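Novice: End of the sequence shown = 863 in the working numbering, gap-free, step of one. By construction, the Cβ of each residue, glycine as well, lies at the ideal position given by its N, Cα and C atoms. Just so you know, these numbers come straight off a predicted model, no measurement behind them.
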Amino acid sequence: YLLAALDKPDDYGLRGRAKTQLEGDEGVTYALIGETYLRADRIDDADAAFERAFKRSGEAALRAYHRAQVAEKRKRYDEALRLLDEYLAAESDDAGVDPYELLRRVFAARGKSAELPAKLESLLKQDPKNVPLRYFVARHFRDAGDHAKAKPLYEELVRKAPTIDAYTGLLEASAATKDMVRQIEVLAEVAAKTGSLDAVKKFVEPLVADQGRVDALFAIARKKAAESQPEDGKPLALAAALVAVEAKRWTDAGEFFELALLHDPKSAPQVYLAWGLGLLSDEKYADAVKVFHRAVDENVTPDNPAFQTYLALALESDGRTEEALKTARAASELGEGALRYESRIPWILYHAKRYDEAVRAYEALIAKFDKQHKDDGDRQLLREARLSLSNIYVLVGEVAKAEGPLEAILDEFPDDVGAKNDLGYLWADQGKNLELARAMIEKAVEADPKNRAYRDSLGWVYFRLRRFQEAVVELEIAAKGEPGDEPPDGVILDHLGDAYEAAGRSADARRAWTRAAQRFDEAEETQKAAEVRKKLAAK
325 YLLAALDKPD DYGLRGRAKT QLEGDEGVTY ALIGETYLRA DRIDDADAAF ERAFKRSGEA
385 ALRAYHRAQV AEKRKRYDEA LRLLDEYLAA ESDDAGVDPY ELLRRVFAAR GKSAELPAKL
445 ESLLKQDPKN VPLRYFVARH FRDAGDHAKA KPLYEELVRK APTIDAYTGL LEASAATKDM
505 VRQIEVLAEV AAKTGSLDAV KKFVEPLVAD QGRVDALFAI ARKKAAESQP EDGKPLALAA
565 ALVAVEAKRW TDAGEFFELA LLHDPKSAPQ VYLAWGLGLL SDEKYADAVK VFHRAVDENV
625 TPDNPAFQTY LALALESDGR TEEALKTARA ASELGEGALR YESRIPWILY HAKRYDEAVR
685 AYEALIAKFD KQHKDDGDRQ LLREARLSLS NIYVLVGEVA KAEGPLEAIL DEFPDDVGAK
745 NDLGYLWADQ GKNLELARAM IEKAVEADPK NRAYRDSLGW VYFRLRRFQE AVVELEIAAK
805 GEPGDEPPDG VILDHLGDAY EAAGRSADAR RAWTRAAQRF DEAEETQKAA EVRKKLAAK
């Protein structure tokens, strides 16, 4: 249809700017059509589309590259190489790294892969400013394990055209050549630019798994910090601190975060946030409280209650609910009652299992903010509030009320698979709307097949529909989970036991119920454990 519209624009009402936009800048639309035809092995159509792109752009070098692609598809490798040489001689970088990938394939097809490194180095010598070429050559040497050649190429890229790939490549090359000093320097540059090491996580994960490498890196960071003056503002200490967080070495993390604050006081918000959230994620709640308290006391974000909010979360996680509520209310007042701050108050009550108060707080929050003009962030916060409110209704035994918040979510977000699953499960548990519940839960499983909660819901609705064999299949998947998952909770195992029993597998049912009772005991859910043991006693 697109080509037909471009061929006969008047028939499709295409004129002026609309036609120009559809054709794309310099005929890029035709080039994309050609690429698509190539992937579909429609070689003649691709060739024609590329020619039309050339007529629009007049770019002879790009034309040579596209013709080389077509020649490769036709297995005319000498012709492809001749055309590629024409593109490369023009010292163009318009096609990015793709021409060099094509060059690699053509050399391989002609049995000359061993000659490729020399060819690449020759090209780079002729065209040293070609960034895509430099990236390709660096990656080629890295993949070949020749890190000594890859390293200077990545050094140049980091200086002139830095990307995540350049930083990661330089880090890997520095590690392979045992240049620990350069590693910490590169990590420091990433930390300074992004505030974290998430961008180079692929490098950091194996690093922190090797305690010897971590010790060596910390030793260099300490030495360089001692050589620096406080006013230097060097981010080396911050990088070392972030590595320590990933390695869960909290004494070292504290030391380096303090050095980061000393060397760059302006980084205090960034430092306290990384420090406190790292402690929170490792369940070091009391220590997280101390860090966030410092940030609040030092007023590192004036007129912004972010750290009061984090402090409230840390206090509640540490079991200090009244202090958490007081802090959250102060944050809400400072934030002028914004939803993102006020929503923390009912969450604290929910987490503290003060369900009656939490219900009232969530209902009031939703009533207050629901009819206001909402941006996407506020809409998501209200969605989360409704999910929490629904869960609390279930916990206090008001299952019928639990449906309302989920239905409201689906009114606003009709494709929300989480709400579909939860509402479908509630209906299945009550034995109503079973076919609709099944359809909704199947949609959730289709969207996220590895979600064991969704699998449990699907198994349970099959059980309610008396499709016992299908229920067993789904509940076994839920109980097994994925590699590295926690053991299944008591509810999944209880459901599995019921499905086994209904399918005539009594011995398997007893084993599943026994495990369910144990899991309920571990979770201190004594009533549920007692109900499962009644089933066992009846057998």
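Could you give the residue range of the alpha helix (DSSP H) that holds residue 573?
Specialist: For the purposes of this step, residue 573 is identified with residue 249 of the sequence shown, where counting begins at 1. No alpha helix (DSSP H) contains residue 573, which DSSP labels as neither H nor E.
Novice: Can you tell me which of 632, 508 and 609 puts its alpha carbon nearest to the alpha carbon of residue 567?
Specialist: Numbered from its first residue, the sequence shown carries residue 567 at position 243. Of 632, 508 and 609, the residue nearest in Cα terms is 508.
Novice: Can you tell me which of 617, 757 and 784 puts its alpha carbon nearest to the alpha carbon of residue 826?
Specialist: Taking the sequence shown and counting its residues from 1, one reaches residue 826 at position 502. Nearest of 617, 757 and 784 to residue 826, Cα basis: 784.
Novice: Rounded to whole angstroms, what is the Cα-Cα separation between residue 803 and residue 855?
Specialist: Start at 1 with the first residue of the sequence shown, and residue 803 comes out as number 479. Start at 1 with the first residue of the sequence shown, and residue 855 comes out as number 531. Approximately 20 Å, taken between the alpha carbons.
Novice: Nearest-angstrom Cα distance between residue 454 and residue 511?
Specialist: One-based indexing of the sequence shown puts residue 454 at position 130. One-based indexing of the sequence shown puts residue 511 at position 187. Roughly 26 Å separates the two Cα atoms.
Novice: Where does residue 742 sit, in a helix, a strand or coil, going by DSSP?
Specialist: Reading the sequence shown from its first residue, position 418 is the one you call residue 742. Correct three-state label for residue 742: helix.
Novice: Answer with buried or exposed for residue 495, where buried requires no fewer than 16 other C-beta atoms within 10 angstroms of its C-beta.
Specialist: The residue labelled residue 495 in the question sits at position 171 within the sequence shown. With 16 or more other Cβ atoms within 10 Å, it is buried.
Novice: In whole angstroms, what is the alpha-carbon distance linking residue 670 and residue 643?
Specialist: Position 346 of the sequence shown holds residue 670. Position 319 of the sequence shown holds residue 643. Looking at the two C-alpha atoms, the distance is approximately 15 Å.
Novice: By how many angstroms is the C-alpha of residue 578 removed from the C-alpha of residue 549?
Specialist: Start at 1 with the first residue of the sequence shown, and residue 549 comes out as number 225. Start at 1 with the first residue of the sequence shown, and residue 578 comes out as number 254. Answer to the nearest angstrom: the Cα atoms are 14 Å apart.
Novice: Please confirm whether residue 610 and residue 559 have their CB atoms less than 8 Å apart.
Specialist: As a first step, residue 610 is located in the sequence shown; it is residue number 286 there, counting from the start. As a first step, residue 559 is located in the sequence shown; it is residue number 235 there, counting from the start. Cβ atoms of residue 610 and residue 559: not closer than 8 Å.
Novice: Is the Cβ-Cβ distance between residue 743 and residue 758 less than 8 Å?
Specialist: Taking the sequence shown and counting its residues from 1, one reaches residue 743 at position 419. Taking the sequence shown and counting its residues from 1, one reaches residue 758 at position 434. The answer is no: Cβ separation not under 8 Å.
Novice: List the endpoints of the continuous alpha helix (DSSP H) containing residue 711.
Specialist: Numbered from 1 along the sequence shown, position 387 holds the residue referred to as residue 711. Residue 711 -> alpha helix (DSSP H) spans 700-719.
Novice: Taking the alpha carbon of residue 614 as the point to measure from, which residue in 639, 703, 628 and 629 has its own alpha carbon closest?
Specialist: In the sequence shown, the residue the question calls residue 614 occupies position 290. Of 639, 703, 628 and 629, the residue nearest in Cα terms is 639.
Novice: Roughly how many whole angstroms lie between the Cα atoms of residue 836 and residue 799?
Specialist: By 1-based counting over the sequence shown, the position of residue 836 is 512. By 1-based counting over the sequence shown, the position of residue 799 is 475. Near 11 Å, if we compare the C-alpha coordinates of residue 799 and residue 836.
Novice: Counting pairs of Cβ atoms below 8 Å between the region 521-529 and the region 541-548, do you hit three or more?
Specialist: Too few Cβ pairs lie closer than 8 Å, so no.
Novice: Check this for me: beta carbons of residue 388 and residue 403, under 8 Å apart or not?
Specialist: Taking the sequence shown and counting its residues from 1, the one referred to as residue 388 is at position 64. Taking the sequence shown and counting its residues from 1, the one referred to as residue 403 is at position 79. It is not a contact, given that the beta carbons lie outside the stated cut-off.
Novice: Scan the region 567-624 and note each continuous alpha helix (DSSP H) run of 4 residues or more that stays entirely inside, going in chain order.
Specialist: Listed in chain order, the complete alpha helix (DSSP H) runs (minimum 4 residues) inside the region 567-624 are 574-587, 592-605 and 609-621.
Novice: For the alpha helix (DSSP H) containing residue 855, list its first residue and its last residue.
Specialist: Along the sequence shown, one-based indexing puts residue 855 at 531. Note, residue 855: alpha helix (DSSP H), 850-862.
Novice: Would a C-beta distance cut-off of 8 Å place residue 631 and residue 619 closer than the cut-off?
Specialist: As a first step, residue 631 is located in the sequence shown; it is residue number 307 there, counting from the start. As a first step, residue 619 is located in the sequence shown; it is residue number 295 there, counting from the start. Taking 8 Å as the Cβ cut-off, residue 631 and residue 619 qualify as a contacting pair.
Novice: What do you get for residue 821, buried or exposed, if any count of 16 or more other CB atoms within 10 angstroms of its CB means buried?
Specialist: Counting from 1 along the sequence shown, the entry for residue 821 is found at position 497. So residue 821 ends up on the buried side.
Novice: Need the endpoints of the alpha helix (DSSP H) that residue 814 sits in, please.
Specialist: Here residue 814 corresponds to residue number 490 of the sequence shown, with the count starting at 1. Segment 814-826, the alpha helix (DSSP H) holding residue 814.
Novice: From 514, 601, 606 and 607, pick the residue whose C-alpha is nearest to that of residue 561; which is it?
Specialist: The count along the sequence shown starts at 1 and reaches residue 561 at position 237. Closest by alpha carbon: 514.
Novice: Considering just the uninterrupted stretch of the alpha helix (DSSP H) at residue 536, what are its terminal residues?
Specialist: On the sequence shown, position 212 is the one that residue 536 refers to. Counting along the chain, the alpha helix (DSSP H) containing residue 536 begins and ends at 535-551.
Novice: Would you report the Cα separation of residue 653 and residue 841, rounded to the nearest angstrom?
Specialist: Numbered from 1 along the sequence shown, position 329 holds the residue referred to as residue 653. Numbered from 1 along the sequence shown, position 517 holds the residue referred to as residue 841. So the two alpha carbons sit approximately 40 Å from each other.
Novice: Quick one: measure Cβ to Cβ for residue 690 and residue 710, integer angstroms, because I've assumed they're closer than 8 Å.
Specialist: For this step, residue 690 is matched to residue 366 along the sequence shown. For this step, residue 710 is matched to residue 386 along the sequence shown. Right, the Cβ-Cβ distance comes to about 7 Å (below 8 Å), so this counts as a contact.
Novice: Which one of 636, 715 and 625 has the shortest CA to CA distance from residue 612?
Specialist: Start at 1 with the first residue of the sequence shown, and residue 612 comes out as number 288. Residue 636 is the option with its Cα nearest to residue 612.
Novice: Could you give the first and the last residue of the continuous alpha helix (DSSP H) run that contains residue 841?
Specialist: Reading the sequence shown from its first residue, position 517 is the one you call residue 841. It spans 830-846 - the alpha helix (DSSP H) in which residue 841 sits, taken as one unbroken run.
Novice: Taking C-alpha atoms, which residue in 526, 680 and 641 lies nearest to residue 491?
Specialist: Here residue 491 is taken as the residue at index 167 of the sequence shown, counted from 1. The option with the nearest alpha carbon to residue 491 is 526.
Novice: Quick check on residue 811: buried or exposed, where buried means 16 or more other Cβ atoms within 10 Å of its Cβ?
Specialist: On the sequence shown, residue 811 is found 487 positions in, with the first residue counted as 1. Exposed is the call here.
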